[in-house]
Amino acid sequence: MSYEAIRLDIDTSSHVATITLNRPDKLNSFTRAMHRELSDALDQVEKSGVRALVLTGAGRGFCAGQDLADLDFTPGATADLGEPIEAHFNPLIRRLQALPLPVIAAVNGTAAGAGANVALACDLVLAARSASFIQAFVKIGLVPDSGGTWFLPQRVGMARALGLAITGDKLSAEKAESWGMIWQVLDDAELSAAAAKLAAQLAQQPTRAIAAIKRAMRAGNAQSLDRQLDLERDLQRELGASHDYTEGVQAFVEKRAPRFEGR
């Protein structure tokens, strides 16, 4: 499948894939066609066997959320805003969360509406110093979607989450970092290289263990301590039979760097 609204780069030497949202004239806002291309690109990423993914945007913005021009605003028509959420945004958020490899968002500019929450759905968020996050939904009479009402209270607490959602105010990258909403802020010129370097480092780590960490951390938000302890036991049992566990222990004993293979 050829892409117009995104770019996909798969580097087999570093085992890193990069997906770039590529509608810079529209601040990389989502259309149905862009969703279809992104879904196919994620298929290709999973099939390729890469061990880390970077998601970023072209131009001066990361993503401005839904392209309203892609919706039907015919006078007198009633728009079903739940349809694009059910068909596209919710599957995307679930998929980013469930991918069995580390996913890094490199937020190069404005991340607004669903675009902000797509970034938060990634495992680690790096942001350019000039970047910002905006829960813009209230400005047009809507509620944060694409996981916004779930991610925000967990990341920044209820008071700050409500403040961001109710006011729709812009949050700077530096404040997002200080609030614990994102992982790291970098100078604009350093963002791309830093994201690539981090992805390459993570691609050399035990990928199955990273996938298990993602699963366990997210499960912990929705279940009791007893169930979480059982999950940790079960995951540890599975990982104990992996190649990378054996390699990690052997490398420790031999006082050398481990050579993980993601299996």
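Going by the numbering used here, the residue at position 99 of the sequence shown is 182; the numbering climbs one at a time, nothing skipped.
Just so it is clear, CB atoms sit at the ideal spot from N, CA and C, and this is done for glycine as well.
- Within a 10 Å sphere around the beta-carbon of I187 sit 16 or more other beta-carbons, which makes this residue buried.
- By the Cβ criterion, the segment 304-313 is not in contact with the segment 329-346, since fewer than three pairs of Cβ atoms, one from each stretch, lie closer than 8 Å.
- Between T139 and A278 the beta-carbon gap is near 7 Å, inside 8 Å, which marks them as a contact.
- DSSP places L104 in the uninterrupted beta strand (DSSP E) bounded by 99-104.
- Relative to D150, the option among V137, H171, S131 whose CA is nearest is H171.
- With contact defined as three or more Cβ pairs closer than 8 Å, the segment 177-184 and the segment 234-249 are not in contact.
- Annotation for K253: the continuous beta strand (DSSP E) segment containing it runs 253-255.
- If the five residues before and after L121 are omitted, its C-beta is found closer than 6 Å to the C-beta atoms of I89, all from its own chain and listed in chain order.
- Inter-residue distance for N111 and Q218 is about 16 Å (C-alpha atoms, whole angstroms).
- Contact between D327 and F343 holds, with the beta-carbon distance rounding to 5 Å and staying under 8 Å.
- Shown here, T114 sits in coil according to DSSP, grouped into three states, outside any helix or strand.
- Burial state of A295 is buried, judged by a 10 Å Cβ sphere holding 16 or more other Cβ atoms.
- Residue burial annotation: I293 is buried, with at least 16 other C-beta atoms found within 10 angstroms of its C-beta.
- Secondary structure of S261 (DSSP, three-state): helix.
- In the DSSP assignment, the residues bridged to F216 are A194, L254.
- If you check the CB distance, T101 and V137 come in under 8 Å.
- Here DSSP, grouped into helix, strand and coil, assigns F172 to helix.
- Using a Cβ-Cβ distance cut-off of 8 Å, the segment 204-220 and the segment 162-170 are not in contact, since fewer than three pairs of beta carbons, one from each stretch, lie closer than that value.
- For the pair R346 and R298, the CB atoms are not nearer than the 8 Å cut-off.
- The beta carbon of E315 sits closer than 8 Å to those of A299, all from its chain and outside the five residues before and after it, given in chain order.
- The shortest CA-to-CA distance from A197 to any of D206, A189, V226, L207 is the one to V226.
- Contact between I265 and S229 is ruled out by a C-beta separation of about 16 Å, above the 8 Å threshold.
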